[in-house]
Amino acid sequence: MSEEKEMIEEEESEAVLGEQLDTKVDHTYNDSDIQVLDGLEAVRKRPGMYIASTSGKGLHHLVWEIVDNGIDEAMAGYATTVMVTVDQDNIVTVEDDGRGMPTGINEKTGKSTIETIFTVLHAGGKFGGGAYKVSGGLHGVGASVVNALSEWLEVRVFHNGEVFFIRFENGGHAVGELKVIEKCDPDKHGSQVTFKADPTIFKETTEYDHDTLRDRLRQLAFLNKGIRMVFRDLRQEEEKKRYYEFMFEGGLKEYIKYLNKNRTAVHPDIIYSEGHEKGIQVEVACQYNDGYNPNIYTFCNNINTVEGGTHEEGFRMALNRVINKYARENGFLKEKDDNLTTDDCKEGITAVISAKHPDPQYEGQTKTKLGNTEVRKIVSDIFGTQLERFLMENPDQAKSIMEKATLASQARMAAKKARELTRRKSALEISSLPGKLSDCSSKDASICEIYIVEGDSAGGSAKQGRDSHYQAILPLRGKILNVEKARQHRVFENAEIRSMITAFGCGFMDEIDVSKLRYNKIVIMTDADVDGSHIRILLLTFFYRYLKPIIEQGHVYIAQPPLYKVQKGNTVRYAYTEPQMDRLREELGNRLSIQRYKGLGEMNPEQLWETTMDPKNRTLIRVNIDDAERADQYFSIMMGEEVEPRKNFIMEHAKFATLDI
Ligand code: 28F
């Protein structure tokens, strides 16, 4: 289908929206039938244009699309609950207890409004009566896209004691018209959508990830206070079925409490503000903890604006303005002192900023940066007023915050010196790379790899076993610094960290330039035990805080050394996981000689090459931290003083990464 035709269709569907006539019954069969099916066919042909992708991410988008509609109905004040159920075969049902979708006929299409919503692109995009769709927006592509990408989809509407029903098959073709199929309790009302994603579209997977669904539904409950989000995962046998109910009257205040649960707050009460202006709703909550990194999450219309934007700018402006004013007026800053910088004011803050905008504009590389300029002042005014008030009314807590920010300021000056030193060095050291580094001979970064190896003995084996043409080895001595617990200047004084920064060659923090990275793959190679996992997390924490783009752009990997070497006669095999070992036992029978590797150091250079470094055999896990909140939870557990939860957590942290061979 040509671009042009698609454009025309969009205009037509906008018209459907504009009129919203549900009353007139007219069953003439017209051209729009064909156009509608063409539209859905276009979605099936190029799904990537409508949803993020046809990988797991796109699959989950289907759910979010329908959930958004339920949330809209709840935010409009008509529904209290949105429930998501995943059944056997990954069949998803989303339902709300709202008014129920209109059951009349749409004049323009001559079909029921419901059939129209589910078959005309964008027809379900907006609610009528001057209200607007505040949920979604970014991926607000409409229910018709979900229908187009489903093997089948069913809609039920409960209204006045009747159940209206329509079913679609094979990518959106209605099987019959909307009709009443049974009676129900006259008090029951709402909409229900059940669908099965089309495996011919979602070739990679049609299996929903439990944690992804649960975490997002919890987040939606935080972002939309008072709405009950229910999640039922019924894919497992009876006793393992999982049920969650999320409802937060306190909204973002409870979100902050949740985010800070593994941290130590420096003041007891959460700073909270909410308000609206010019149809834009704003909610902000924050609290300082004893850490050094800020954790600021921003949302517009429930979408995580990972690139920030005007709402975040407004927050920062207010934070800086109000804290400096209070610090001056109350003697925390002397006349001769410079103002605190915004970074000083942000140290150790956990903040969530949520804006709801009728017409959001998104910018940035991934279209996750809010661009509406009027939002800046609105957030700044609303949050600034409440922050000022909080400080006035809570002098003890204000004191803790002021002391934190002024300390941060002093540390910043020290950090600046240390950073300048590091920078000057890294500029000089192009020719003098760290002594411990065994560099590769190739200068073609696109094929080069650097292995960060725990300990000198494993480093020695790796150095001998590697292909020195493109593989570099950097051994680390002992544990690396926990950057969550150290201020910047300490971080840059750390020898291991300096070695890494110099070896990578791409700079760090705001001055990072990934195009200068000297290796396409940075591979973390540690022992397959608790200590190894710990080191791995410390390294990832450092990358996450100081070199985030190299993670985002997929340059960081985890090597998987084998757990066992199995020998029978002349055959040698390796097992990388326990289930693999079980299978080997079955396959090879008895009289095996089994060696359990306790560390990389037990392998000779040839073995290390063969099992863990040779691209022909090795398994590398690519690290992807696309969910900042989850990454942050990981790291905050690492900050905690409790050893047991940390150990448990480390052992099961595998989900951090996805498999990539
Ligand atoms: C399972 C997900 O989709 N819930 C929905 C409504 C309610 C109305 C509505 C939806 C009218 C013409 C757009 C009812 N009564 N949950 C949902 N609940 N859509 S979707 O109207 C759709 C608009 O096209 C509704 C009065 N006004 C609106």
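Here the numbering used here is used: position 642 in the sequence shown is 2020, and no number is missing along the way. Quick reminder that beta carbons are idealized off the backbone N, C-alpha and C, glycines included. Predicted model only: the values in this text are computed from it and were never measured.
With C-beta atoms as the reference, is Val1472 less than 9 Å away from Met1479? Counted from its first residue, the sequence shown places residue 1472 at position 94. Counted from its first residue, the sequence shown places residue 1479 at position 101. No, they are not a contact pair.
Can you tell me where the alpha helix (DSSP H) with Val1662 in it begins and where it stops? Working through the sequence shown from its first residue, we reach residue 1662 at position 284. No alpha helix (DSSP H) holds Val1662; the beta strand (DSSP E) holding it covers 1658-1666.
C-beta contact flag for Ser1569 and Gly1448 at 9 Å: Position 191 of the sequence shown holds residue 1569. Position 70 of the sequence shown holds residue 1448. Yes, Cβ-Cβ distance for Ser1569 and Gly1448 is below 9 Å.
Taking 8 Å as the cut-off, is the CB of Val1472 close to at least one heavy atom of ligand 1? In the sequence shown, residue 1472 corresponds to position 94, counting from 1. Indeed, a heavy atom of ligand 1 lies less than 8 Å from the Cβ.
Assuming Gly1692 is part of the alpha helix (DSSP H), what are its boundary residues? If you number the sequence shown from 1, residue 1692 lands on position 314. Taken as a continuous stretch (DSSP letters only), the alpha helix (DSSP H) holding Gly1692 covers 1688-1707.
Starting from the Cα of Leu1598, find the closest Cα among Glu1627, Gln1614, Glu1652, Val1464 and give me that residue. Within the sequence shown, numbered from 1, the residue matching residue 1598 stands at position 220. Among Glu1627, Gln1614, Glu1652, Val1464, the Cα nearest to that of Leu1598 belongs to Glu1627.
Quick check on the burial criterion: 16 or more other C-beta atoms within 10 angstroms. Buried or exposed for Ile1972? Indexing the sequence shown from 1 puts residue 1972 at position 594. Result: exposed.
Let me check you understand the geometry: is the CB of Gly1885 closer than 8 Å to at least one non-hydrogen atom of ligand 1? One-based indexing of the sequence shown puts residue 1885 at position 507. No - ligand 1 has no heavy atom lying nearer than 8 Å to the Cβ of Gly1885.
Helix, strand or coil, according to DSSP, for Arg1754 in the structure here? Locating residue 1754 in the sequence shown gives position 376, counting from the first residue. Correct three-state label for Arg1754: helix.
Beta strand (DSSP E) segments (min. 3 residues) lying fully within the stretch 1405-1472: 1459-1465
Beta-carbon contacts of Asn1717 that lie in its chain and below 6 Å, excluding the five residues immediately before and after: For the purposes of this step, residue 1717 is taken as residue 339 along the sequence shown, with counting starting at 1. So the list reads Asn1702, once near-sequence residues are dropped.
What is the rounded straight-line gap between the Cα of Gly1669 and the Cα of Ala1729? Against the sequence shown, residue 1669 aligns to sequence position 291. Against the sequence shown, residue 1729 aligns to sequence position 351. Near 13 Å, if we compare the C-alpha coordinates of Ala1729 and Gly1669.
Delimiting residues of the alpha helix (DSSP H) encompassing Asn1525: The sequence position of residue 1525 within the sequence shown is 147, counting from 1. Taken as a continuous stretch (DSSP letters only), the alpha helix (DSSP H) holding Asn1525 covers 1521-1526.
Where does Val1684 fall in DSSP's three states? Within the sequence shown, residue 1684 is the residue found at index 306, counting from 1. Of the three classes helix, strand and coil, the one that applies to Val1684 here is coil, per DSSP.
Using a threshold of 9 Å, state whether the C-beta atoms of Val1831 and Ile1851 are closer than that. Within the sequence shown, residue 1831 is the residue found at index 453, counting from 1. Within the sequence shown, residue 1851 is the residue found at index 473, counting from 1. In contact: Val1831 and Ile1851 (Cβ atoms closer than 9 Å).
Is Lys1894 closer than 9 Å to Gly1910 when the C-beta atoms are compared? Counted from its first residue, the sequence shown places residue 1910 at position 532. Counted from its first residue, the sequence shown places residue 1894 at position 516. Cβ distance not < 9 Å, so Gly1910 and Lys1894 don't count as in contact.
Euclidean distance between Cα positions of Ala1823 and Tyr1924: Position 445 of the sequence shown, counted from the first residue, corresponds to residue 1823. Position 546 of the sequence shown, counted from the first residue, corresponds to residue 1924. Near 21 Å, if we compare the C-alpha coordinates of Tyr1924 and Ala1823.
Should Asn1968 be listed as close to ligand 1, given that the test is whether its C-beta is under 8 Å from any heavy atom? Mapped onto the sequence shown, residue 1968 falls at position 590. No - ligand 1 has no heavy atom lying nearer than 8 Å to the Cβ of Asn1968.
To the nearest angstrom, report how far apart Val2094 and Gly1813 are at their CA atoms. The structure shown does not extend to residue 2094, since the chain is modelled only from 1379 to 2039, so the question has no answer here.
Among Glu1798, Gly1837, Ile1825, whose alpha-carbon lies nearest the alpha-carbon of Ser1816? As a position in the sequence shown, residue 1816 is number 438, starting the count at 1. Checked all of Glu1798, Gly1837, Ile1825; the closest Cα to Ser1816 is Gly1837.
Please check the pair Ile1580 and Gly1436, which I expect to be a contact at CB under 8 Å, by giving their CB distance rounded to whole angstroms. The residue labelled residue 1580 in the question sits at position 202 within the sequence shown. The residue labelled residue 1436 in the question sits at position 58 within the sequence shown. A quick correction: the sequence has Phe, not Ile, at residue 1580. About 7 Å separates the two Cβ atoms, so the contact holds.
Just grab the DSSP bridge partners of Cys1562 for me. As a position in the sequence shown, residue 1562 is number 184, starting the count at 1. Cys1562 pairs with nothing; no bridge assigned.
Quick one: using the 10 Å Cβ neighbour count with 16 as the cut-off for buried, is Val1908 buried or exposed? Mapped onto the sequence shown, residue 1908 falls at position 530. So Val1908 counts as exposed.
Since I believe Leu1630 is in contact with Glu1661 (beta carbons under 8 Å), could you give me their beta-carbon distance rounded to a whole number of angstroms? Sequence index remark: in the sequence shown, residue 1661 carries index 283 (1-based). Sequence index remark: in the sequence shown, residue 1630 carries index 252 (1-based). Going by Cβ atoms, the distance from Glu1661 to Leu1630 rounds to 5 Å, so yes, they are a contact pair.
What residue range is occupied by the uninterrupted beta strand (DSSP E) comprising Lys1734? Stepping through the sequence shown from its first residue, residue 1734 is reached at position 356. Counting along the chain, the beta strand (DSSP E) containing Lys1734 begins and ends at 1727-1734.
Is Val1523 near ligand 1, in the sense that its beta carbon is under 8 Å from a heavy atom of that ligand? Counting from 1 along the sequence shown, the entry for residue 1523 is found at position 145. Val1523 Cβ: outside cutoff for every heavy atom of ligand 1.
Look at the Cβ atom of Phe1496, then the Cβ atom of Val1470, and state whether they are nearer than 9 Å. Here the question's residue 1496 lines up with position 118 in the sequence shown. Here the question's residue 1470 lines up with position 92 in the sequence shown. For Phe1496 and Val1470, no; Cβs fall outside 9 Å.
Measuring alpha carbon to alpha carbon, tell me which residue in Pro1853, Val1892, Asn1898, Lys1863 is nearest Arg1876. In the sequence shown, residue 1876 corresponds to position 498, counting from 1. Cα-wise, what sits closest to Arg1876 is Pro1853.
Gln1739 - containing beta strand (DSSP E), residue span: In the sequence shown, counting from the first residue as 1, residue 1739 sits at position 361. First-last for Gln1739: undefined, no H or E at that position.
Look at the Cβ atom of Val1861, then the Cβ atom of Thr1904, and state whether they are nearer than 9 Å. By one-based count along the sequence shown, residue 1861 stands at place 483. By one-based count along the sequence shown, residue 1904 stands at place 526. No, the Cβ-Cβ distance between Val1861 and Thr1904 is not below 9 Å.
From Ile1444 to Val1571, what does the alpha carbon distance come to, in whole angstroms? Working through the sequence shown from its first residue, we reach residue 1444 at position 66. Working through the sequence shown from its first residue, we reach residue 1571 at position 193. Their backbone Cα atoms lie some 8 Å apart in a straight line.
Return yes when the C-beta of Ala1457 is under 8 Å from any heavy atom of ligand 1, and no when it is not. Translated into the one-based positions of the sequence shown, residue 1457 becomes position 79. At least one heavy atom of ligand 1 is nearer than 8 Å to the Cβ of Ala1457, so yes.
Assuming Pro1853 is part of the beta strand (DSSP E), what are its boundary residues? Your numbering for residue 1853 matches position 475 in the sequence shown. Note, Pro1853: beta strand (DSSP E), 1849-1854.
Where does Pro1627 sit, in a helix, a strand or coil, going by DSSP? Counting from one through the sequence shown, the residue named residue 1627 turns up at place 249. Rather than Pro, the amino acid found at residue 1627 in this sequence is Glu. Coil.
Does the distance from the C-beta atom of Lys1561 to that of Glu1540 stay below 9 Å? Here residue 1561 corresponds to residue number 183 of the sequence shown, with the count starting at 1. Here residue 1540 corresponds to residue number 162 of the sequence shown, with the count starting at 1. Their beta carbons are under 9 Å apart, which means Lys1561 touches Glu1540 by this criterion.
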